[in-house]
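Colleague:
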Amino acid sequence: MILALSLSALVGCTTEKDASSQETSAPYQGSRDEKYVMVTFLSGIEYWKGAFRGMEEAAKNLGVQAEYKGADQYDINQQITVLEQVIAQKPDGILVTAINPDALVAPINKAIEAGIPVVTFDADAPKSKRYAFLGTSNYDAGVTAARELARLSGKKGEVGVVTVPGQLNHEERKRGFVETIQKEFPDMKVVSIQDGKSDQVQAAQVTSAMIQKNPDLVGIFATEASTGVGVGTSVKEANKVGKIHIISFDTDKGTLDMVKSGIIDATLAQGTWNMGYWGMHYLYNLRHDLVHPVSDWKTAKVGPLPPYVDTGVSVVTKANVDFYYPGK
Numbered sequence: 011m012i013l014a015l016s017l018s019a020l021v022g023c024t025t026e027k028d029a030s031s032q033e034t035s036a037p038y039q040g041s042r043d044e045k046y047v048m049v050t051f052l053s054g055i056e057y058w059k060g061a062f063r064g065m066e067e068a069a070k071n072l073g074v075q076a077e078y079k080g081a082d083q084y085d086i087n088q089q090i091t092v093l094e095q096v097i098a099q100k101p102d103g104i105l106v107t108a109i110n111p112d113a114l115v116a117p118i119n120k121a122i123e124a125g126i127p128v129v130t131f132d133a134d135a136p137k138s139k140r141y142a143f144l145g146t147s148n149y150d151a152g153v154t155a156a157r158e159l160a161r162l163s164g165k166k167g168e169v170g171v172v173t174v175p176g177q178l179n180h181e182e183r184k185r186g187f188v189e190t191i192q193k194e195f196p197d198m199k200v201v202s203i204q205d206g207k208s209d210q211v212q213a214a215q216v217t218s219a220m221i222q223k224n225p226d227l228v229g230i231f232a233t234e235a236s237t238g239v240g241v242g243t244s245v246k247e248a249n250k251v252g253k254i255h256i257i258s259f260d261t262d263k264g265t266l267d268m269v270k271s272g273i274i275d276a277t278l279a280q281g282t283w284n285m286g287y288w289g290m291h292y293l294y295n296l297r298h299d300l301v302h303p304v305s306d307w308k309t310a311k312v313g314p315l316p317p318y319v320d321t322g323v324s325v326v327t328k329a330n331v332d333f334y335y336p337g338k
């Protein structure tokens, strides 16, 4: 009996020691000294808050720090400057959205070559050495917008697009929309594509001109939030609510309010929280060398992460809009 008790005590001690060892060597417990940075453009807009909230939550779970930086204007050179400044601080990883698919290639590659993991989100720089991109399949989102607008307009009539030319995600949304209208809805026609410059006032102005030039317009697709609010403002001022249907993008308060009031028929909600949350996890895994698809992926030139992750869209209408307000 004494022997049994001795063995039991020994086993108990060993188990406790092993558990302690496992806890201290847990790969998903980082250090507060680690800092990961999100870099955006138009840093003050509400859209980025959901993405950074996801990044912050992941950082908290991992025991590391998340920091937010961004260019306050829609300016390529300004975002490059901010990204260069972040690289100089030598963070443990960078999650960046690219204002232009080509403009950030050089600084992203510079970061990678300096040993700083970089993952893109929302808007990609596919020619760079970034490890992965998390974002909406923008072409598919454009397809969804086209089908929803066709449903609302009875699958016939003239429609327009207000977008942001030159930015890859907006170009893809536009292309998905236009090609779907052309292929699937022979009684519909895209008669105008305008530059909203990611600005409510500019979007309202080009929408007013579009309505005047195309009196038979039945619908407009706005490829981002500020543009959508501008489109909604113009349609309301023209007394065309319900006659010109609007499909917008994203879930800032201004857009949600217009959906709730019926000015905007529907908006497409992106998985921004997922972009930030899983983007943070991707960076952490790279920083800690936790992913090994092959024994030496760097030498083998095998990507350690899925190169593209579609975080999807949901259609937000008056029926479900209340769930998309913060705190719901």
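Note that the sequence shown covers residues 11 to 338 in the numbering used here. Heads up, the beta-carbon is just placed ideally off N, CA and C, and yes, glycines get one too. Here the structure is a predicted model, which is why all the values come from computation and not from measurement.
What separation, rounded to the nearest whole angstrom, lies between the Cα atoms of residue 242 and residue 214?
Modeller: Rounded to the nearest angstrom, the two C-alpha atoms are 8 angstroms apart.
Colleague: If I measure Cβ to Cβ from residue 312 and keep anything under 8 angstroms in the same chain, skipping five residues before and after, which residues do I get?
Modeller: 303 and 304
Colleague: For residue 264, which of helix, strand or coil comes out of DSSP?
Modeller: helix
Colleague: What residue ranges within the stretch 176-225 form continuous alpha helix (DSSP H) runs of no fewer than 4 residues, ordered along the chain?
Modeller: 178-194 and 210-223
Colleague: Can you find the residues in the same chain that come closer than 6 angstroms, C-beta to C-beta, to residue 232, ignoring five residues on each side of it along the sequence?
Modeller: 172, 238, 241 and 258
Colleague: What three-state label does DSSP hand residue 234 in the structure shown?
Modeller: In this structure, residue 234 counts as coil in the three-state DSSP scheme.
Colleague: Please state the DSSP three-state secondary structure of residue 44.
Modeller: coil
Colleague: Nearest to residue 60 by CA position, among 331, 261, 203 and 150, is which residue?
Modeller: Taking residue 60 as reference, the option from 331, 261, 203 and 150 with the minimal CA-CA separation is 261.
Colleague: For the beta strand (DSSP E) containing residue 333, name the first residue and the last one.
Modeller: No beta strand (DSSP E) contains residue 333, which DSSP labels as neither H nor E.
Colleague: Taking residue 257 as part of the beta strand (DSSP E), name the residues at either end of that continuous run.
Modeller: 255-259 is the span of the beta strand (DSSP E), which, as asked, contains residue 257.
Colleague: What did DSSP end up calling residue 244 once you bin it into helix, strand or coil?
Modeller: helix
Colleague: Output the residue ranges of the beta strand (DSSP E) runs that lie fully inside the stretch 96-139 and measure 3 residues or longer, sorted by chain position.
Modeller: DSSP runs (the beta strand (DSSP E)) wholly in the stretch 96-139: 103-106 and 128-131.
Colleague: What distance in whole Å lies between the Cβ atoms of residue 141 and residue 314, which are believed to be in contact at a cut-off of 8 angstroms?
Modeller: 7 angstroms
Colleague: Report all residues from its chain with a CB closer than 7 angstroms to the CB of residue 187; omit the five preceding and five following residues, and keep chain order.
Modeller: Excluding residues within five positions, the ones whose Cβ falls inside 7 angstroms are 152, 155, 156, 171 and 231.
Colleague: Can you name the residues that DSSP bridges to residue 279?
Modeller: 324
Colleague: Would you call residue 6 buried or exposed, if buried means 16 or more other Cβ atoms sit within 10 Å of its Cβ?
Modeller: The chain is shown only over 11 to 338; residue 6 falls outside these bounds and no answer can be derived.
Colleague: Less than 6 angstroms between C-beta atoms, sequence neighbours within five positions excluded: which residues of the same chain meet that for residue 9?
Modeller: For the chain, the structure presents residues 11 to 338; residue 9 sits outside this window and is missing.
Colleague: Taking residue 328 as the reference, give the member of 283, 265 and 297 with the closest Cα.
Modeller: 265
Colleague: For a test of the three-state rule: what should DSSP assign to residue 62, helix, strand or coil?
Modeller: It is helical.
Colleague: If you drop the 5 nearest sequence neighbours on each side, which residues of the same chain put their C-beta closer than 6 angstroms to that of residue 48?
Modeller: 62, 65, 78 and 105
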